[in-house]
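Worksheet: one structure, shown below.
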Ligand SMILES: [Zn+2]
């Protein structure tokens, strides 16, 4: 009997050691497991390019304008090897000259995914009579628009709405920009622009609709609005205020500041993508959309980022 008790005791001790070590093992695994692996199902992904800014000559130390056609081709080939829902070019497709749209346009149009453009300041470096035609040249449905993918709404803004360069000098809209600039005592460079009343009302309308439909929202624009900086949209704070009235807005993505940037305020991500045109090294990204996060896969100079989605 004593012998039996002894053996039972030893067995129990051994069993508890095994159980304890497996518990420790589990804890270690849990610690190693990044939080974002809770939901591994990727919902969809999209390609992003900022500031291709092509022209055939005039390369500088910083900007390799003429190499952008090759870099664009490289990005398009890479994107075509992936299953992307869409690709977005964040403005400044060309540096100058209308004809340059016909150099890089056909390369971009090789994309197998649906591919979109938005308007950058440099896209208006074309003759006066062509300025109102730019969005059509880029196959955009209008100067600002929206579209949906699954339960996500993508809003595409036109940050050149109020500006000195999108309209011929002396035209009504040019003069409006001059008055706006003066009355608001702006010091922001004149190569930036602003968003007008009509577009702001449209934005609020789309955000109302998206809220009712329980959609998540991502806003694209050429100009940053956060963090503060010399490249920002003239009325950056007005747009931030609108965004903050709608919990459905999760992120804002843009180009224009070639160095790239990132900031987060009140649970929303503000991400500036680095330009394709700078340096000899390429720069572009693929954004993977998950239930609880966005994962930015950066290529070339662009960084990888994990952006959690907040309620
Ligand atoms: Zn720009």
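Numbering (the working numbering), first residue to last: 3 to 313.
C-beta: ideal position from N, C-alpha, C; glycine also.
- Taking residue 50 as reference, the option from 108, 308, 299 with the minimal CA-CA separation is 299.
- Secondary structure note for residue 297: its beta strand (DSSP E) is the uninterrupted segment 295 to 302.
- Remark: the C-beta of residue 93 is in contact range of ligand 1, defined as less than 7 Å to any heavy atom.
- Around residue 94, the same chain offers 53, 55, 122, 124 as residues with beta carbons nearer than 6 Å, after the five sequence neighbours per side are excluded.
- Assigned with DSSP and collapsed to three states, residue 234 falls in coil, not helix or strand.
- With respect to residue 84, residue 288 sits close: the two C-beta atoms are nearer than 8 Å.
- Taking non-hydrogen atoms of ligand 1 into account, the C-beta of residue 163 is found less than 7 Å away from none of them.
- As DSSP reads the structure, residue 154 sits in a beta bridge with 151, 218.
- Secondary structure at residue 124: helix, using DSSP grouped into helix, strand and coil.
- In this structure, DSSP gives residue 51 an extended state, which the three-state scheme calls strand.
- Less than 8 Å separates the beta-carbon of residue 218 from that of residue 154.
- Between residue 311 and the set 69, 226, 254, the nearest pair of CA atoms involves 254.
- For residue 122, the CB falls within less than 7 Å of some heavy atom of ligand 1.
- With respect to the C-alpha of residue 47, the residue from 81, 63, 132 having the closest C-alpha is 81.
- Its chain contains 133, 175, 176 as the residues whose beta carbon lies nearer than 7 Å to that of residue 169, once the 5 sequence neighbours on both sides are disregarded; these appear in chain order.
- Within the segment 244 to 297, the runs of beta strand (DSSP E) that reach at least 3 residues and sit entirely inside it are, in chain order, 251 to 256, 263 to 267, 270 to 274, 285 to 292.
- DSSP lists no bridge partner for residue 63.
- Residue environment: residue 89 is assigned as buried (16 or more neighbouring CB atoms within 10 Å of its CB, all protein chains considered).
- Beta-bridge partners of residue 88 (DSSP): 48, 116.
- As a beta-bridge residue in DSSP terms, residue 310 pairs with 295.
- Straight across, the Cα-Cα distance linking residue 210 with residue 104 is about 38 Å.
- Residue 99 has its CB no nearer than 7 Å to any heavy atom of ligand 1.
- Residue 242 sits in a helix when the DSSP states are folded into three classes.
- Apart from sequence neighbours up to five positions away, the residues of its chain that approach residue 98 with a beta-carbon distance below 6 Å are 57, 127, ordered along the chain.
- For the set 192, 110, 172, 225, the Cα lying nearest the Cα of residue 158 is the one of 225.
- Residues of the same chain with a CB within less than 7 Å of the CB of residue 188, apart from the 5 flanking positions on each side, are 236 in chain order.
- Residue burial is scored here from C-beta neighbours: residue 114 has fewer than 16 other C-beta atoms within 10 angstroms and is therefore classed as exposed.
- DSSP places residue 207 within a helical segment (H, G or I) once states are collapsed to three.
- Collapsing the DSSP output to three states places residue 130 in a helix.
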